[in-house]
Structure formats: structure tokens, C-alpha cells
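What follows is one structure encoded as C-alpha cells, with my remarks underneath.
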Amino acid sequence: MVSKLVKIVIDYTKCVGDADKICVEICPVSVFLDSKSEKPKIVNEKHCIQCRTCEVNCPSQAIKILT
Ligand code: SF4
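Numbering (the working numbering), first residue to last: 107 to 173.
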């Protein structure tokens with residue numbers, strides 16, 4: 107089975123990148139990378155299973171899952 111391509115977009119004008127970085131914590135396949143002083147980065151986009159947990163739970167609606 108061929109997996110559908112997904113594009114993940116973080117709007118950094120909305121992302122607050124606070125201490126919790128809920129997307130880093132909540133993603134089941136570790137798509138996002140935390141770094142202590144910066145906002146989250148997308149590092150494993152191809153692993154995304156399109157569960158939309160990050161999109162739904164981001165407190166500033168900064169993440170979009172485009173399929
Ligand atoms: S949609 Fe699910 S698998 Fe994809 S980045 Fe968000 S939390 Fe991770």
C-alpha cells in the first residue's frame with residue numbers, strides 16, 4: 107500500500123513555542139523536534155500518520171495537516 111503524502115505546516119506567527127510544546131509531547135511518531143530555546147521543528151514529516159492530534163490540540167491553532 108502506498109501511503110498518502112502529507113504536508114505539515116507550522117505557522118510561526120501563531121506558534122508561541124512555550125515550555126510545553128504540546129505537539130512535541132503529543133505526536134505518537136515523533137514528527138516534531140524540541141529544542142530548548144527555539145520553536146518546534148518538523149523533522150520526520152514522512153512518518154506522519156495523519157491522526158491530526160497536533161492540529162486539534164495546538165493551543166494557538168498554529169499547525170495544519172494538509173492532505
Ligand atoms: S497528525 Fe498525528 S502523526 Fe502527524 S504530526 Fe500531527 S500528531 Fe504527529
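Note that beta-carbon positions come from the ideal geometry of N, C-alpha and C, so glycine has one too.
Predicted, not measured: the structure shown is a model, and the values here were computed from it.
Check, Outcome
"Rounded separation between PRO146 and CYS154 - CA only", "15 Å"
"GLU144 beta carbon near the ligand SF4 (any heavy atom closer than 7 Å)", "no"
"Residues of its chain near ILE132, where Cβ-Cβ distance is below 7 Å and the 5 sequence neighbours each way are ignored", "THR159, CYS160 and ASN163"
"Paired residues, beta bridge with GLU144 - DSSP", "SER141"
"Opposing strand residues paired with LYS170 [DSSP bridges]", "VAL115"
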